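S.K.: The structure under discussion is supplied below as structure tokens; questions concerning it will follow.
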Amino acid sequence: MNTLILVLVILALATLSYVVGTRRSTGLVDNKPKDLHSLPGYYGLYVAMWCGVPALALLALWTAFEPTIVKHMVLASLPAQALLDPAGGPLSDQRISLMMTDIANTASGNISSGASQSYISEAAVYQRSLTDTGYWLMAAVAVALGLGLASLAYRRISPKLRARNDVESGVKYFMIACSTVAILTTIGIILSLLFESYRFFTQVPVTDFLFGLSWSPQTAMRADQVGSSGAFGAIPLFVGTGLIATIALVVAVPIGLLSAIYMSEYAAPKFRAFAKPALEILAGIPTVVYGFFAALTVAPAIRGFGETIGLDVSSESALAAGLVMGIMIIPFVSSLSDDVITAVPQAMREGSYGLGATKSETIRKVVFPAALPGIVGGILLAASRAIGETMIVVMAAGLAANLTANPFAAVTTVTVQIVTLLVGDQEFDSPKTLAAFALGLVLFFITLLLNVIALRVVRKYREQYD
Amino acid sequence: MTDQHQPFEGTAGQPRIADRSVKVSATNANVYYGEKHAIKDVGLDIVAQEVTAFIGPSGCGKSTFLRCLNRMNDTIDICRVTGDIRLDEEDIYDRKIDVVELRARVGMVFQKPNPFPKSIYENIAYGPRIHGTATGKAELDEIVQSSLVRAGLWEEVKDRLDSPGTGLSGGQQQRLCIARAIAVSPEVILMDEPCSALDPIATAKIEELIDELRTNFTIVIVTHSMQQAARVSQRTAFFHLGRLIECGDTETIFTNPQHNLTQGYITGRFG
Chain A
492 MNTLILVLVI LALATLSYVV GTRRSTGLVD NKPKDLHSLP GYYGLYVAMW
542 CGVPALALLA LWTAFEPTIV KHMVLASLPA QALLDPAGGP LSDQRISLMM
592 TDIANTASGN ISSGASQSYI SEAAVYQRSL TDTGYWLMAA VAVALGLGLA
642 SLAYRRISPK LRARNDVESG VKYFMIACST VAILTTIGII LSLLFESYRF
692 FTQVPVTDFL FGLSWSPQTA MRADQVGSSG AFGAIPLFVG TGLIATIALV
742 VAVPIGLLSA IYMSEYAAPK FRAFAKPALE ILAGIPTVVY GFFAALTVAP
792 AIRGFGETIG LDVSSESALA AGLVMGIMII PFVSSLSDDV ITAVPQAMRE
842 GSYGLGATKS ETIRKVVFPA ALPGIVGGIL LAASRAIGET MIVVMAAGLA
892 ANLTANPFAA VTTVTVQIVT LLVGDQEFDS PKTLAAFALG LVLFFITLLL
942 NVIALRVVRK YREQYD
Chain B
70 MTDQHQPFEG TAGQPRIADR SVKVSATNAN VYYGEKHAIK DVGLDIVAQE
120 VTAFIGPSGC GKSTFLRCLN RMNDTIDICR VTGDIRLDEE DIYDRKIDVV
170 ELRARVGMVF QKPNPFPKSI YENIAYGPRI HGTATGKAEL DEIVQSSLVR
220 AGLWEEVKDR LDSPGTGLSG GQQQRLCIAR AIAVSPEVIL MDEPCSALDP
270 IATAKIEELI DELRTNFTIV IVTHSMQQAA RVSQRTAFFH LGRLIECGDT
320 ETIFTNPQHN LTQGYITGRF G
């Protein structure tokens, strides 16, 4: 009763077809592969492809549609009175889906609430038999399809068969399918963001959302409670996001850029070989680790320092989150800048030295301007990373939507609010939940814009040296 | 400075310069790339306001030796230079020598045109700016114009000084690089195969330019083309496997070479 076993069986058959196909192709020409149109392996792959791909495709279709078909058949088998409520009217859709869940649970042997009804256990038995028969039928059809197509392909093998071309076009279609999946997924996400945001904006005006100064998404459960209407002004979130990202960039850009210049222009090759991967490890540390480092080490240290010089620092501050985030994005700046600085042709440097320029003049006036577009690309990438970062901010910057530019105050960001809006039990049509989609949409546009700018800049850079 | 300059038994006929003023002179110069001994005991005089051509088969060390003359080899970590190389009787490998100042006096033009990705104007103004030569905008404009005029490029670019130097054709780019070198007012200009990336017409223009520049500068040119050496130079030095085989007046080298290696190379038997 397991699809995985069936997949393995089909794969085993495909492997076998590969071996058989290869043998047959070499056998046809008396072990002189030169007489074949393609290398023997391609004939093997040709047979294996015909064996495996249609069978697996059938299996995938079956797995996708089987539950729906079985459900409809079970529903049709139920006695008429099962679909009526005690008052004699037809059952609501929700009740029917509840009953179907009961039947499915009984069929699979789980605990269910409605097993007392005799028609439910009957339906469960029926569902079980349907799934069982379906599975064996499916297994038989899939294996037969695989074997049948494989033997057809096997018979078509001849020295003139253009197996390589067929296999390669098969691979090409597979790659097209893969990229289609990626593209369709992206489109789906964007559409879902757009539609859900639209639903949000029918309940909260766009202008209130984009220009409102107060963020308080807690809506009341009942209409007579206090604060029954939330406030959805997103400005404090954007300001918080901007504040933290700015602090992060103020940390990361100078450190990253100067270390990149040091590594590419001054450091000995041995030091560079060690230092560059070491810096890149910073990007590999999980953000949750950065998060508790920020919350448990950096934030208290900043508060303690603030107290000693008489500043009022809250225990969760934009500064703590920004500093730690800055450390996290250093490798984005340093690694990319290092790459583009190294890519500046040596001829540029020599041209400058040849005119009597010093090393620092050469770096400042020739190398840096030539690498600038690439460096800007790296910084924009770091910026979009900083804007999208969540974990550090959740832990270290707090949840209070303060509209402030004070780095010692607690602020919150767009991503943090999305997290808090969706954690816990939610109604899917309340503005509180839908606000997350609107925030996500805005965030998506901001990072998209940054990425487009970064791509443009990098492309311009490419034109200069190619 | 007489017979100690003979680096190789075959260079017996190398005349020391008596009647002309020597700008650069090398004695027992050796260059090592790590373990590799790239230049072996080269002794050579370069005469002021003349064009000296370095010829020889690929890998013979002529470019390496050229790059010793403005210490451009310093940028290569594993490279080591020994011996005595003098510019106006002053040892350029002496500790007291500021390499930046040296390179301002000994300019360089490279094999592949390498204008900076800046405007034509900024390419020329780069040198005067870093050396603080010009005191004002007007003076800088003047230097840019006169450098471009002397490099024979002014008429072609005077209306587009603000467009990027990388947008010019290959030959124009190389003349831009020569103009850039002239703008610093060097005493010597080193040219490392300046025409090897150019078509014959652009090459002819550069050769003409080199001949004109000779009145003001001492020029050393590395070339693969013996015709070019014969056309532009007054003196020629022939290198082979890191050694200087023969050096003398171009006419003598090409009509009456003393060494059979030189003879073999210029008649095209190897190289």
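Sequences listed follow chains A and B, in order. Just add 491 to the spot in the first sequence (first one is 1) and you have the numbering used here. Just add 69 to the spot in the second sequence (first one is 1) and you have the numbering used here. No residue lacks a Cβ here, since even glycine has one placed at the ideal position from N, Cα and C. Fair warning: this is a prediction, and the values are worked out from it, not measured in the lab.
Run through chain A and tell me which residues come within less than 9 Å of Glu170(B), C-beta to C-beta.
M.R.: Gly847
S.K.: If distances are taken between C-alpha atoms only, which option among Leu934(A), Val500(A) and Thr778(A) comes closest to Met629(A)?
M.R.: Val500(A)
S.K.: What are the residues of the segment 197-213 of chain B that lie near chain A, defined by any Cβ-Cβ distance shorter than 9 Å?
M.R.: Arg198, Ile199 and His200
S.K.: Nearest CA to the CA of Pro650(A): which residue from Gln694(A), Thr494(A), Gly661(A) and Lys523(A)?
M.R.: Lys523(A)
S.K.: Whose Cβ in chain A lies nearer than 9 Å to the Cβ of Met177(B)?
M.R.: Glu841, Gly842, Tyr844, Gly845 and Leu846
S.K.: Buried or exposed for Val779(A), going by 16 or more other Cβ atoms inside 10 Å?
M.R.: exposed
S.K.: Tell me which residues share the same chain as Arg249(B) and place their Cβ nearer than 8 Å to its Cβ, disregarding the 5 neighbours each side in the sequence.
M.R.: Pro184, Asn192, Ile193, Tyr195, Gly196 and Ser216
S.K.: Alpha carbon to alpha carbon, how far is Val907(A) from Arg172(B)? Give it in angstroms, no decimals.
M.R.: 58 Å
S.K.: Looking at chain A, is there any beta carbon in it that lies within less than 9 Å of the beta carbon of Cys316(B)?
M.R.: no
S.K.: Under 7 Å Cβ to Cβ from Thr272(B), same chain only, skipping five residues before and after it: list those, please.
M.R.: Cys264.
S.K.: If the criterion is Cβ atoms closer than 9 Å, does the pair Gly795(A) and Phe823(A) meet it?
M.R.: Phe823(A) sits away from Gly795(A), with the two beta carbons spaced by 9 Å or more.
S.K.: Can you check which of these residues, Val910(A), Ile909(A), Val905(A) and Ala887(A), is closest to Phe899(A) by C-alpha distance?
M.R.: Ala887(A)
S.K.: Output needed in chain order: residues of the segment 854-877 of chain A with a Cβ under 8 Å from some Cβ in chain B.
M.R.: If the cut-off is 8 Å between Cβ atoms, the segment 854-877 of chain A has Lys856, Val857, Pro860 and Ala861 near chain B.
S.K.: Would you kindly work out how many angstroms separate the C-alpha atoms of Gly152(B) and Ala95(B), rounded to a whole number?
M.R.: 8 Å
S.K.: Given 8 Å as the limit, is there contact between the segment 926-933 of chain A and the segment 688-702 of chain A, that is, 3 or more CB pairs closer than that?
M.R.: yes
S.K.: Can you name the start and end residues of the beta strand (DSSP E) that Ile800(A) belongs to?
M.R.: Element bounds for Ile800(A): n/a, residue is neither H nor E.
S.K.: Taking CB distances under 9 Å as the criterion, tell me whether Ala759(A) reaches chain B.
M.R.: yes
S.K.: State the DSSP-derived secondary structure class of Glu211(B), mapped to helix, strand or coil.
M.R.: helix
S.K.: Would you check if the distance between the CB atom of Ala505(A) and the CB atom of Gly532(A) is smaller than 9 Å?
M.R.: Cβ atoms of Ala505(A) and Gly532(A): not closer than 9 Å.
S.K.: At a CB-CB cut-off below 8 Å, which residues of chain B make contact with Glu852(A)?
M.R.: Contact note: Glu852(A) reaches chain B through Ile199, using a C-beta cutoff of 8 Å and chain order.
S.K.: Name the chain B residues whose beta carbon is nearer than 7 Å to that of Thr811(A)?
M.R.: The displayed chain sequence assigns Ala, not Thr, to residue 811(A). Residues of chain B passing the Cβ test: none, with the nearest at roughly 41 Å.
S.K.: Spatial neighbours of Trp627(A) within its chain, please: CB distance less than 6 Å, with the 5 preceding and 5 following residues excluded, ordered by chain position.
M.R.: Contacts found: none.
S.K.: Are Ile746(A) and Gly817(A) close, meaning C-beta to C-beta below 9 Å?
M.R.: yes
S.K.: I'd like to know whether the C-beta of Pro836(A) is nearer than 9 Å to at least one C-beta of chain B.
M.R.: yes
S.K.: Check this for me: beta carbons of Ala117(B) and Thr319(B), under 9 Å apart or not?
M.R.: No. Outside cutoff.
S.K.: Excluding the 5 residues flanking Gln332(B) on each side, which residues of the same chain have their C-beta closer than 6 Å to its C-beta?
M.R.: Excluding residues within five positions, the ones whose Cβ falls inside 6 Å are Pro326.
S.K.: Answer with buried or exposed for Gly128(B), where buried requires no fewer than 16 other C-beta atoms within 10 angstroms of its C-beta.
M.R.: exposed
S.K.: Please tell me whether Val257(B) and Asn139(B) are closer than 9 Å, where the distance is taken between their beta carbons.
M.R.: yes
S.K.: By the three-class DSSP mapping on this structure, what secondary structure does Cys316(B) have?
M.R.: strand
S.K.: For Thr133(B), which residues in chain A fall below 8 Å Cβ to Cβ?
M.R.: Simply none; closest approach about 14 Å.
S.K.: List, in chain order, every chain A residue whose beta-carbon is nearer than 7 Å to that of Arg249(B).
M.R.: Leu846
S.K.: Taking 7 Å as the limit between beta carbons, can you name the residues of its chain near Phe859(A), skipping five residues before and five after?
M.R.: For Phe859(A), where only same-chain residues beyond five positions count, there are no Cβ hits under 7 Å.
S.K.: On a Cα-Cα basis, can you pick out the residue from Asp521(A), Pro708(A), Ile681(A) and Leu704(A) that is closest to Gln694(A)?
M.R.: Pro708(A)
S.K.: If I follow the unbroken alpha helix (DSSP H) through Ile285(B), where does it start and stop?
M.R.: According to the sequence provided, residue 285(B) is Asn. The question's Ile does not apply to it. Unbroken run through Asn285(B): none, as it is neither H nor E.
S.K.: Please report the distance separating the alpha-carbon of Asp72(B) from that of Val93(B).
M.R.: Below a pLDDT of 50, predicted positions are generally treated as unreliable, and Asp72(B), at 40, falls in that range; the measurement from the model is reported next regardless. Cα-Cα distance, rounded: 17 Å.
S.K.: Closest Cβ-Cβ distance between Thr144(B) and chain A: below 9 Å?
M.R.: yes
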